[in-house]
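The structure under discussion appears below in the form of structure tokens.
There are 2 protein chains.
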Amino acid sequence: MITAELAKAAKPGDSPIDTLYGLVAEDMRATDRVIHERMASAVALIPDLSAHLIDSGGKRLRPLLTLAAATAFGASGIDHVKLAAAVEFIHTATLLHDDVVDASALRRGKIAANVVWGNKPSILVGDFLFSRAFELMVETGNLGVLGILARASSVIAEGEVMQLKSANNLGTTEQDYLAVVTAKTAALFAASAEAGAAVAGAPPALVKSLHDYGHNLGIAFQLIDDALDYSGREKLMGKSVGDDFREAKVTLPVILAYQRATDEARRFWRRAIESGRQEESDLEAAIVYVEQTGAIRETHARAEAYAERAIRAVAKLPSPDIRNALIDIAEFCLRRGH
Amino acid sequence: MITAELAKAAKPGDSPIDTLYGLVAEDMRATDRVIHERMASAVALIPDLSAHLIDSGGKRLRPLLTLAAATAFGASGIDHVKLAAAVEFIHTATLLHDDVVDASALRRGKIAANVVWGNKPSILVGDFLFSRAFELMVETGNLGVLGILARASSVIAEGEVMQLKSANNLGTTEQDYLAVVTAKTAALFAASAEAGAAVAGAPPALVKSLHDYGHNLGIAFQLIDDALDYSGREKLMGKSVGDDFREAKVTLPVILAYQRATDEARRFWRRAIESGRQEESDLEAAIVYVEQTGAIRETHARAEAYAERAIRAVAKLPSPDIRNALIDIAEFCLRRGH
């Protein structure tokens, strides 16, 4: 959900993501080869539908974290590359299922797979990619990383189920929201970085550091993403604004704006979010309310705190190049929102 | 898809499935405990929806195969029990996704989960159970069985995607049909039995025997199941007849009947299956056509050949009790159709 916007927000060559990409360029090309080899199937619909999403310009941020973490601890061979491909397959599978669940029309600026091929193939190809991810992990022969990613996968699914409850529900608390973000976004960021360190044989304390980096970066990213959905400026960056609002998702900007709302504004939120009856001009009004109440500023402040934790987590990473690139990515994530 | 019908077809205590159940009764109770412990989640919807399907009277045939195979080779401890629970989770996940894909109204005689809770939770809880299955497998620490079941899972998904193409399509060949049945049904039967033998440390030749037993039994079961869908007698056995026909699925009885059809009958099949315009009396006509052309008899004959292969596959199994029960189950499978 995040990588596409990042890709568009960054000018080629000048983003810290590109810098990190450069540090693991050979492994990333190998990962891309594994991804394309392993999404192959005699059933043509499987690679067709998979390629539609996998080749749609996502930044491969999660496999990038896996490769970066592995490289920081001197990984060689092919296992960390297979893991990186597995992580991208898990992510792609969740996107395919997400888009069916949300009845999304667009994904990364293209018509979503569920619209092109229908819900049935999207569900089943998601299942296929998910299974392929586990096949790749089994090939590494590393039970530790299998455990990390199996656990992350069930946490992601739990987060997605949790999120269903918060739609149309202004009773959603900050705690509920953070639990969803932690599960549906941060868990895979954390597992991607952690698994890379683990497969490269990093010491346990540093494996945990990479986990913490991914976890905090994931939350910061999602917070900024949710703020951008109410940002007027965002249209400039190629992101469609108002998706969450139109789907009546209760994200942190809404939670904070509702807490601080006047009676009139509360009536507005209840109609627009709880009853789901929205009018043409509602998005503009919502943007004004989240700005006026300081909800966007506050969401950014939270994101900043998580990004700082991410930065602190990698302070002791042995490889200075990788460490600096990871730090820059955490800072870059915040700049997206300003 | 099969176990519910089997459960109803068998009088309690007199089916060979019950006999096998008796031989692994303690392990099966332990499997049930693991299943219920591991479908727990702080997100209440997950155990609620899971229990709706898991406690709906399925016969646990796949975990039964895992436990039987493991017991035949003297398994002790808890690993084969965890695997059996994992196999049931994978099966349950595929049923949840199947019912969304087919827009099913009923499952095992109860209102389907997708009708009670909607498609979204069904998709996501399926993902959760699938991930939990892998967590359980990781706990066994056995990479060999992880590989067997990861591979089976991607083959199942491939089979389900393949099956989409055969709906409304009278160009479906026997070979297409067998490829679908092998992937979507036989692969998990085969992997369930194989994984049980492998985790118990059976010699490779006998691990393969168990695989072959499950594979052939799975095909035989599915063939009989597809024949029963066109059987007038079947209403007596509590099965709803005509589901495949109404969904315009091209199963072997239809393929054979269409091959042997008169011009008039061909027009009937094209209208009912290809155009999907069905009338009230069409199911009765379809039943007459599949009977008259010998398509049902022929489907049974094929099932018999697969059941015989299943029986031959376990001829060298060391445990006579388990061996005989497995043989009886293969024979029992055919009796369902007469």
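Protein chains in written order, with our numbering: chain A, 21 to 358; chain S, 21 to 358.
For each residue, glycine too, the CB sits at the ideal point set by N, CA and C.
From S:Phe209, S:Ala281, S:Glu304 and S:Thr319, residue whose alpha carbon lies closest to that of Ile168 (chain S): Answer by Cα proximity: S:Phe209.
How far does the alpha helix (DSSP H) with Pro67 (chain S) in it extend, from its first residue to its last? Unbroken alpha helix (DSSP H) run through Pro67 (chain S): Leu65 to Ile74.
Rounded to whole angstroms, what's the CA-CA distance from Lys369 (chain A) to Gly78 (chain A)? Just pull it up for me. Since the first residue shown for chain A is 21 and the last is 358, residue 369 (chain A) is missing from the structure and cannot be characterised.
Closest to Gly42 (chain A) by C-alpha separation, out of A:Val270, A:Ala213, A:Leu354 and A:Ala88, would be which residue? The option with the nearest alpha carbon to Gly42 (chain A) is A:Ala88.
Since Leu163 (chain S) and Gly161 (chain A) are thought to touch, with beta carbons under 8 angstroms apart, how far apart are those beta carbons, to the nearest angstrom? Under the criterion of beta carbons closer than 8 angstroms, Leu163 (chain S) and Gly161 (chain A) qualify as touching, at roughly 6 angstroms.
Who are the near neighbours of Tyr278 (chain S) in its chain, counting only those whose CB is closer than 6 angstroms to its CB and skipping five residues on each side? Here the set comprises Leu190 and Trp289.
Buried or exposed: Gly238 (chain A), going by 16 or more other Cβ atoms within 10 Å of its Cβ? Burial of Gly238 (chain A) is indicated by the presence of at least 16 other C-beta atoms within 10 angstroms of its C-beta.
Taking the beta carbon of Lys204 (chain S) as the centre, do at least 16 other beta carbons fall within 10 Å, making it buried, or is it exposed? Flag for Lys204 (chain S) reads buried.
Using a C-beta cutoff of 8 angstroms, does Arg317 (chain A) count as contacting chain S? Interface residue (Cβ-Cβ distance to chain S less than 8 angstroms): Arg317 (chain A) is not classified as such.
So that I know if they touch, is there some Cβ in chain A lying closer than 8 angstroms to that of Glu194 (chain S)? Against chain A, the CB of Glu194 (chain S) has no partner CB under 8 angstroms away; the residue lies outside that interface.
In chain S, what lies closer than 9 angstroms to Val200 (chain A) by C-beta? In chain order: nothing, as chain S lies at least about 10 angstroms away.
Go ahead and label Gly258 (chain A) buried or exposed: buried means 16 or more other beta carbons lie within 10 angstroms of its beta carbon, across all protein chains shown. Residue placement at Gly258 (chain A) cannot be trusted, given a pLDDT of 47 that sits under 50; what the coordinates show is reported in the next sentence. The residue is exposed, with fewer than 16 neighbouring Cβ atoms inside 10 Å.
Would you please verify whether the beta carbon of Glu180 (chain A) is less than 8 angstroms from any beta carbon of chain S? For Glu180 (chain A), the answer is yes, since a Cβ of chain S falls inside 8 angstroms of its Cβ.
Going along the chain, which residues of its own chain have a beta-carbon closer than 8 angstroms to the beta-carbon of Gly314 (chain S), five neighbours each way excluded? Once the five neighbours on either side are set aside, the close Cβ partners of Gly314 (chain S) are Leu276 and Arg280.
Who are the near neighbours of Asp348 (chain S) in its chain, counting only those whose CB is closer than 6 angstroms to its CB and skipping five residues on each side? Cβ neighbours of Asp348 (chain S) beyond the five flanking positions: Pro36.
So, Ala207 (chain A) versus Val165 (chain A), is the Cβ gap smaller than 8 angstroms? Contact: no.
Proximity to Ala170 (chain S) [Cα-Cα], best of S:Glu180, S:Lys185 and S:Ala153: Among S:Glu180, S:Lys185 and S:Ala153, the Cα nearest to that of Ala170 (chain S) is on S:Ala153.
Among S:Phe241, S:Val219 and S:Leu81, nearest to Ala321 (chain S) - alpha-carbon criterion: Nearest neighbour of Ala321 (chain S) by Cα position, chosen from S:Phe241, S:Val219 and S:Leu81, turns out to be S:Phe241.
How far does the alpha helix (DSSP H) with Asn139 (chain S) in it extend, from its first residue to its last? Counting along the chain, the alpha helix (DSSP H) containing Asn139 (chain S) begins and ends at Asn139 to Thr160.
Check whether the Cβ atoms of Pro83 (chain A) and Ala104 (chain A) sit closer than 8 angstroms, and answer yes or no. Here Pro83 (chain A) is near Ala104 (chain A), since their CB atoms are less than 8 angstroms apart.
Within the region 198-272 of chain A, ranges of the alpha helix (DSSP H) (whole runs, at least 4 residues): Segments of the alpha helix (DSSP H) lying fully in the region 198-272 of chain A: 207-219, 224-248 and 263-266.
From Leu226 (chain S) to Phe93 (chain S), what distance separates their C-alpha atoms? The C-alpha of Leu226 (chain S) lies about 10 angstroms from the C-alpha of Phe93 (chain S).
Lys130 (chain A), DSSP secondary structure in three states: DSSP places Lys130 (chain A) within a strand segment (E or B) once states are collapsed to three.
According to a CB-to-CB cut-off of less than 9 angstroms, which residues of the region 41-69 of chain S neighbour chain A? With the criterion set as a beta carbon lying under 9 angstroms from some beta carbon of chain A, the members of the region 41-69 of chain S are Ser61, Ala62, Val63, Leu65, Ile66 and Leu69, in sequence order.
CA-CA distance, Thr282 (chain S) and Gln312 (chain S)? Between Thr282 (chain S) and Gln312 (chain S), the C-alpha separation is close to 11 angstroms.
Compare the C-beta of Ile393 (chain S) against all C-beta atoms of chain A and say whether one is closer than 8 angstroms. Summary: the structure shown does not reach residue 393 (chain S), with chain S confined to residues 21 through 358, and so no result is reported for it.
If we ignore side chains and look at the alpha-carbon of each, how far apart do Leu256 (chain A) and Arg356 (chain A) end up? The predicted position of Leu256 (chain A) is uncertain, since its pLDDT is 47 and thus under 50; no value can be drawn from it.
For chain A, check one thing: does any of its Cβ atoms lie closer than 8 angstroms to the Cβ of Ala218 (chain S)? Any Cβ of chain A closer than 8 angstroms to the Cβ of Ala218 (chain S) would place that residue at the interface, and such an atom is absent.
Excluding sequence positions up to five away, which residues of its chain have a Cβ less than 8 angstroms from the Cβ of Glu155 (chain A)? If we look at Glu155 (chain A) and ignore the five residues flanking it on each side, its Cβ neighbours are Arg58.
Partners in chain S for Gly161 (chain A), counting only beta-carbon separations shorter than 7 angstroms: Ordered by position in chain S, the residues that pass the 7 angstroms Cβ test against Gly161 (chain A) are Leu163.
Would you say Leu272 (chain S) and Tyr326 (chain S) are within 8 angstroms of each other, going by their C-beta atoms? No, the pair does not count as a contact, with Cβ atoms beyond the cut-off.
Helix, strand or coil: which one does DSSP assign to Asp122 (chain A)? Asp122 (chain A): coil per DSSP, three-state reduction.
Could you check whether Val181 (chain S) and Leu65 (chain A) sit closer than 8 angstroms to each other, using their CB atoms as the reference points? It is a contact, given that the beta carbons lie within the stated cut-off.
Closest residue to Glu304 (chain A) among A:Ser295, A:Phe265, A:Lys336 and A:Ala335 (Cα-Cα distance): Among A:Ser295, A:Phe265, A:Lys336 and A:Ala335, the Cα nearest to that of Glu304 (chain A) is on A:Phe265.
If you follow the alpha helix (DSSP H) that Phe93 (chain S) is in, where does it begin and where does it stop? In the DSSP assignment, Phe93 (chain S) falls outside any alpha helix (DSSP H), carrying neither H nor E.
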